[in-house]
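Number of protein chains: 2
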Amino acid sequence: MTAAVVRRKPVSRANTPEGACAPIACKDCGIYHLCLTVGGEVDLSQLDLLVKNRRTYKRGELLYRIGEPYRAAFAIRLGSVKTSVLTDDGRVQVTGFHIPGEVLGLNAIIDDRYNCEARALETTSVCEVPFERYEELALQLPGLQRQMLRIMSQEIVHNQEMMLLLGKKKAEERLATFFVNLSRRLERHGRPALEFKLSMSRSDIGNYLGLAEETVCRVITRFEEKALISTERRLVRLGQMDRLQALARGSAVLE
Amino acid sequence: MTAAVVRRKPVSRANTPEGACAPIACKDCGIYHLCLTVGGEVDLSQLDLLVKNRRTYKRGELLYRIGEPYRAAFAIRLGSVKTSVLTDDGRVQVTGFHIPGEVLGLNAIIDDRYNCEARALETTSVCEVPFERYEELALQLPGLQRQMLRIMSQEIVHNQEMMLLLGKKKAEERLATFFVNLSRRLERHGRPALEFKLSMSRSDIGNYLGLAEETVCRVITRFEEKALISTERRLVRLGQMDRLQALARGSAVLE
DNA sequence: CGTATCCTTGATGCCTCTCAAGACGGGTGG
DNA sequence: CCACCCGTCTTGAGAGGCATCAAGGATACG
Numbered sequence: 001m002t003a004a005v006v007r008r009k010p011v012s013r014a015n016t017p018e019g020a021c022a023p024i025a026c027k028d029c030g031i032y033h034l035c036l037t038v039g040g041e042v043d044l045s046q047l048d049l050l051v052k053n054r055r056t057y058k059r060g061e062l063l064y065r066i067g068e069p070y071r072a073a074f075a076i077r078l079g080s081v082k083t084s085v086l087t088d089d090g091r092v093q094v095t096g097f098h099i100p101g102e103v104l105g106l107n108a109i110i111d112d113r114y115n116c117e118a119r120a121l122e123t124t125s126v127c128e129v130p131f132e133r134y135e136e137l138a139l140q141l142p143g144l145q146r147q148m149l150r151i152m153s154q155e156i157v158h159n160q161e162m163m164l165l166l167g168k169k170k171a172e173e174r175l176a177t178f179f180v181n182l183s184r185r186l187e188r189h190g191r192p193a194l195e196f197k198l199s200m201s202r203s204d205i206g207n208y209l210g211l212a213e214e215t216v217c218r219v220i221t222r223f224e225e226k227a228l229i230s231t232e233r234r235l236v237r238l239g240q241m242d243r244l245q246a247l248a249r250g251s252a253v254l255e
Numbered sequence: 256m257t258a259a260v261v262r263r264k265p266v267s268r269a270n271t272p273e274g275a276c277a278p279i280a281c282k283d284c285g286i287y288h289l290c291l292t293v294g295g296e297v298d299l300s301q302l303d304l305l306v307k308n309r310r311t312y313k314r315g316e317l318l319y320r321i322g323e324p325y326r327a328a329f330a331i332r333l334g335s336v337k338t339s340v341l342t343d344d345g346r347v348q349v350t351g352f353h354i355p356g357e358v359l360g361l362n363a364i365i366d367d368r369y370n371c372e373a374r375a376l377e378t379t380s381v382c383e384v385p386f387e388r389y390e391e392l393a394l395q396l397p398g399l400q401r402q403m404l405r406i407m408s409q410e411i412v413h414n415q416e417m418m419l420l421l422g423k424k425k426a427e428e429r430l431a432t433f434f435v436n437l438s439r440r441l442e443r444h445g446r447p448a449l450e451f452k453l454s455m456s457r458s459d460i461g462n463y464l465g466l467a468e469e470t471v472c473r474v475i476t477r478f479e480e481k482a483l484i485s486t487e488r489r490l491v492r493l494g495q496m497d498r499l500q501a502l503a504r505g506s507a508v509l510e
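Protein chains in written order, with the numbering used here: chain A, 1 to 255; chain B, 256 to 510.
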């Protein structure tokens, strides 16, 4: 199974129909990316060492904890994961939500310890990518390094955007930004971008956005009153993306 | 000059007396680190291509802007720099302050464009590190890649801590965290850690911490009343580090 | 069908922002 | 060398956005 995936030929970067987007071969699946860049350059059998285990985590299970010795990076095939950091007195800050096709845990490669914790939001299937031989492999596969840098670079950009959001935006702008970004990422991974089911609770969203759970509810209600979105529990339909985007940018207010 | 620096032999990581800590050779200077890891492995003359220009920026001058094509990374020799990101409607979020011995602009290597802007807070001398030949060099210098990953990894950790601060901490905890962290970094670079001069304004600090300038002033005043610190304009003396640290952790309150 | 979890809405209070004004200090030009 | 000026810092008063506390309703799961 692993070998089959790894030896898959690089394909064009054109849009893939959703049906053809099997989790591990998805054009924007992290693992695929990691493999794509090295394909054809070296003996691909080496890559069997990279993608080893598949595993499923149940809702609430930890993929890794802060400070835990590095085991592997994780490419999500199905489900979703939240990552968070902690204060010494127990407060939690959710730092990100991760959907199929995304990779997490990469920056622990250098530190040898995870610097945040990751918890499955629902039943989640991942590829674990043990990188114990990372240093040697990197010597042979220059493209691998580039991919690593790219993924970490993206994370830095995301974190900077979050700092901007947490430091400068109002509640409505934060929620609008959240929906717009989630929508964009779903689209990038070939999934419906205007109607989807949230895998995280209002409480998680609030924690992520630096808001109280109740504030999240109230803002969502306001959005519904203005027909920006409609919701039913965790099912969300984005009605007016343009106005949402304007709100997210701060270039409009919800009059 | 450049060659001399580059060909410098690796030295022990023991503490260096402050006097011996010339900016570019400082044990924790970013450039030194970049060079250290590659020293002795390859033809060092290659490294002349890495560290090319020295340049001085005046207070308020931009090192680079958001979206500008990648020119170089910057190792600060003397002075200080702030980095910030912008909302579309012009709001600014300061994402970091950088002191001598630290490197910035690295993650633009992959994107080919800077993802934040950097501005000198005072007269600042930097080494510009043009990485146009980065990809080739990385092939020959595996240690270089590792250093890049380490620096980016540190930035991710810092950003995560900032998200925690911006999302969950109160004004007093934020200021305490700011002073403790700055002190730690100054110490790491062999400078006085309990008495120093801030290069940034109250307004910059407030922006960085997600607070209004006035709130920064008021909290500092409160700290002085409790004898945690003493200040005179931008000169700061940390009087009770233990209590500051307790505040920063959230495991104490300013009664 | 009961129970736990999640979501929603209301009332109240507080932390921090905003607006305002004055003090202080450093730099500059006469 | 002094006086002026402007940026920065400080403190006060008031307002507001969001957190907190509280309670009821909806949904999923065993």
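For glycine and all other residues, C-beta sits at the position ideal for the given N, C-alpha and C.
- In this structure, the straight-line span from the alpha carbon of GLU391 of chain B to that of ARG146 of chain A is close to 12 angstroms.
- The beta-carbon of ASN436 of chain B is placed no less than 7 angstroms from the nearest beta-carbon of chain A.
- A direct Cα-Cα distance of roughly 12 angstroms separates TYR114 of chain A from LEU62 of chain A.
- Among the bridge pairs identified by DSSP, GLY96 of chain A is matched with A:THR83.
- Distances from the CA of ARG405 of chain B to each of A:TYR64, A:ILE109 and A:GLY239 were compared; the closest alpha carbon is that of A:ILE109.
- The C-beta of ARG249 of chain A comes closer than 7 angstroms to at least one C-beta of chain B.
- Neighbourhood of GLU155 of chain A in chain B, by CB distance below 9 angstroms: MET407, ILE411 and ASN414, in chain order.
- Looking at the DSSP output, SER485 of chain B shares a beta bridge with B:ARG492.
- When secondary structure is reduced to three states using DSSP, THR432 of chain B falls in the helix class.
- Looking at the backbone, the Cα of ARG429 of chain B and that of ARG237 of chain A are separated by about 37 angstroms.
- Non-local beta-carbon contacts of ALA501 of chain B in its own chain, meaning distances under 6 angstroms to residues more than five positions away in sequence, involve ALA507 in chain order.
- Leaving aside the five residues that flank ASN308 of chain B on each side, the residues in its chain whose CB is nearer than 7 angstroms to its CB run, in chain order, GLU383.
- Your pair LEU209 of chain A and PHE178 of chain A checks out as a contact, with CB atoms roughly 6 angstroms apart and the cut at 8 angstroms.
- Using a CB distance cut-off of 7 angstroms, ASN308 of chain B does not count as an interface residue toward chain A.
- Looking at A:ASN107, A:ASP88 and A:HIS98, the one whose alpha-carbon comes closest to that of ALA72 of chain A is A:ASN107.
- In the structure shown, the three-state DSSP call for ALA252 of chain A is coil.
- Taking C-beta separations shorter than 6 angstroms and ignoring five residues to either side along the sequence, the partners of THR215 of chain A in its chain run ALA171, following chain order.
- Here VAL474 of chain B is not bridged, per DSSP, to any residue.
- For TYR208 of chain A, the secondary structure class from DSSP, reduced to helix, strand or coil, is helix.
- For the beta strand (DSSP E) assignment, the uninterrupted runs of no fewer than 3 residues enclosed by the segment 105-187 of chain A are, from N- to C-terminal side, 117-120 and 124-129.
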